[in-house]
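Note that my numbering has the sequence shown beginning at 33, numbered continuously upward.
Worksheet: the structure to be examined is printed underneath.
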Amino acid sequence: MQEGLLLTSGHDGISASLKGHANRGGMPGRSGCLAFFRLAGSSGTSGLVAIWMMMLLGLAVIPAESRAGDVSQTDTLTLTLDDAVYMALENNFGLREVLLDRETANQQVREAWGSVYPSVNATGNFTRNLVTANPFAGSGAEQLFADFGAIGWLRYNEEARLEGRQELTFEEYIDRQREGYEDAGITPPSMEDDPFSVDNQFVLSLSITQTLFNGSAFAAIKGAEQFKKLSEDAVHRERQVVIDEVRRAYFSALLAWQQVEVIRSSIERLRITVDDVTRTVEQGLASRYEKLSAEVELVNLETELIEAENRAELAKRSINLLLNLKPTRPIRLAGDLTMTAMQPVGDITLDEAVSIAKEFRPDLQQAEGFIEINRIHERINRSSYRPIVSAFANLDYIGRVPDNRTVIMRDPADPDNPFRFTSENRSFFHDTYWNPNIAVGINVSWNIFSGFQNRARLEQSRIETRRSELRYEYLTDAIRVEVDQALRNLRTAERRIESQRRNIEQAQVNYDFARTRLVEGVGTNLEERQASMLLDQSRFSYLAAIHDYLLAVSRFELVLGTSIDRL
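Here it is, written out as structure tokens:
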């Protein structure tokens, strides 16, 4: 196996979670920016610092498959720690889901801005009038329209009286008109026709509305922008969590495989011991009991090796799950469990570490952002006491088109003769049938009284603001406790490594001494096997100390909110 797992600073460090794995813990659904504002303060706490709250997460990452090699899902994939991290940032199920959440946040910002942009609506309507009721039926006015036919007769007689011509009776006037229609080949109009009925009606409308003042709309825009910022903080946080998970899985898999190597080394030494004991038994210098004991011990170690190899394979399956690889996809870890796998932590005091965490922790920034969102929610509720002013413009194009579009008029060749007629067939789109209608205005809407509902909603938003402030204070205190624990665990792991390093050196010297004594004939097989077991235990303990140290460094970065090499 190759030496070295030096992780570059290309990953954003890691920190503990205000998010509490929002998308993995069943957070409330997101039904728009304003709905979110009402839900923003309804989260609880989980663990020491994890505060459940709704947020949007997402991620833009560098393609990693090309870093690990362009291979199929059946070939063995060789992974360094860097490769594993990059692949997780690209393929991890949680990150792929929160990428959509971040896009949702971006679209919510656009939606909020849309409330102050002009609203344009177009509609079209067609009505076919089969039977139209007389609008004046039963009012006595219908006789008025029946008498309209006498108006022409009265005008004719008045002109005839003034010109000295003979006047006509109403019946004579109607007969003369009928004769004129017949001479022109025109069917005379019926006096029973409804002058208000049109066979076909068309209405094409365009409505434009522009908000001039709406306090809640402008506050919602600011809230949506703040919500977008929270989603970006959540993206940063989720990346840190995934990096920490991958590191833990990777180091645990390395530990499992190096434990396998320790057991294999122990088996090789024990086989040599079994051969030595077999020869001494054959020479009559040792009892058969010693040979059987050594053989039983060898079988036990071989059984332990089988179990250790199974644990190591399962550890690699966990990596497959994090990287969204097929569970059966073979992978090989290119590295050893050494302290160089993580950036060492220099001398740093608790106060310095807490100060760094307060500056970089995305979850603390999110908690502060939720305070601002709840304050914006207050302004939204306060705006309900103000009017909403908007301007509008309505453009209509109305068509009233009859089926019979034949128009009767006086003969242009003899316009002064009321008894000579001609007709004209007009087209469907003749200007007579189609007319525009344009209206503009200002609309003011003001909710004067709503049964104290506005006041109650305003007080609820104020309560949520105070609640989010309390959560911010709690998280600030919890961060200090987390940093203190992580720093103590880190220093303890460092001391364990130094102690186990000296111990493994002594165990190796002890085994070499016992082996030499056995070869020289002054030691026993039992002493050699005991020294071998002590050496194996020391190696196990040293590997565990290295493993715990690497996890402690990763955890320390998690609670700081940034990688150590950026400090």
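The beta carbon of each residue, even a glycine, is placed where N, CA and C say it ideally should be.
Just so we're clear, the structure is a prediction, and the values are computed from it rather than from any experiment.
Of D568, G555, N406, R534, the smallest CA-CA separation from F259 is found for N406. For V591, the enclosing alpha helix (DSSP H) begins and ends at 557 to 592. With fewer than 16 other Cβ atoms inside 10 Å of its own Cβ, Q139 counts as exposed.
Closest in C-alpha terms to R437, from the list E456, E514, I420, F451, comes E456.
The Cβ neighbour count for A144, taken over all protein chains shown within 10 Å, is at least 16; the residue is labelled buried. With fewer than 16 other Cβ atoms inside 10 Å of its own Cβ, R418 counts as exposed.
Cβ-Cβ separation between I295 and L337: approximately 5 angstroms, consistent with a contact (criterion under 8 angstroms).
Under the DSSP definition of a beta bridge, I529 lacks any partner. In the structure shown, D448 falls within a coil segment according to DSSP collapsed to helix, strand and coil. Within the model, the alpha-carbon separation for F125 versus L131 is close to 10 angstroms. Exclusion of the five residues before and after A192 leaves Q198, E199, L200 as the residues of its chain whose Cβ lies within less than 8 angstroms of its Cβ. Using a Cβ distance threshold of 9 angstroms, F234 and T159 count as a contacting pair. Its Cα nearest to that of L382, the residue L592 stands out among R361, D115, L592, R411.
Under the three-state reduction of DSSP, D544 is assigned to helix. The C-alpha of R279 is placed about 11 angstroms away from the C-alpha of A584. The segment 319 to 334 makes contact with the segment 284 to 304: 3 or more CB pairs, one atom from each, lie closer than 8 angstroms. Apart from sequence neighbours up to five positions away, the residues of its chain that approach A366 with a beta-carbon distance below 7 angstroms are Q34, T110, L111, T112, ordered along the chain. If you check the CB distance, P394 and R269 come in under 9 angstroms. Within the same chain, and ignoring the five residues on either side of T310 in sequence, the residues whose Cβ sits closer than 8 angstroms to its Cβ are K323. Within the same chain, Cβ atoms closer than 7 angstroms to the Cβ of E560 are found at T305, A546, R547, L550, the five residues on either side in sequence being excluded. DSSP places V377 outside both helix and strand once states are collapsed to three, so it counts as coil.
Put simply, the backbone Cα of A389 is about 28 angstroms away from that of I495.
Sorting R349, N157, D428, A399 by C-alpha distance to the C-alpha of S500 places A399 at the top. Between L427 and N469, the gap from beta carbon to beta carbon is short of 9 angstroms.
For R301 against S531, the beta-carbon gap comes to about 24 angstroms, at or over 8 angstroms, which does not count as contact. Between the segment 512 to 527 and the segment 439 to 448 there are fewer than three inter-stretch CB-CB distances shorter than 8 angstroms, so the stretches are not counted as touching. Apart from sequence neighbours up to five positions away, the residues of its chain that approach I420 with a beta-carbon distance below 6 angstroms are N246, S477, ordered along the chain. Residue burial annotation: R587 is buried, with at least 16 other C-beta atoms found within 10 angstroms of its C-beta. At least 9 angstroms separates the beta-carbon of S570 from that of I596.
Rounded to the nearest whole angstrom, the C-alpha separation of E129 and L355 is 14 angstroms. Within the segment 457 to 481, the beta strand (DSSP E) runs of at least 3 residues that lie entirely inside it are, in chain order, 466 to 477. Counting along the chain, V130 sits inside no beta strand (DSSP E); it lies in the alpha helix (DSSP H) bounded by residues 125 to 146.
Restricting attention to H462, E257, R512, S350, the CA atom closest to the CA of L590 is found in R512. Per DSSP, I408 is one residue of the alpha helix (DSSP H) stretching across 394 to 414.
A check of alpha carbon separations from P362 across E345, Q517, G196, G483 identifies E345 as the nearest.
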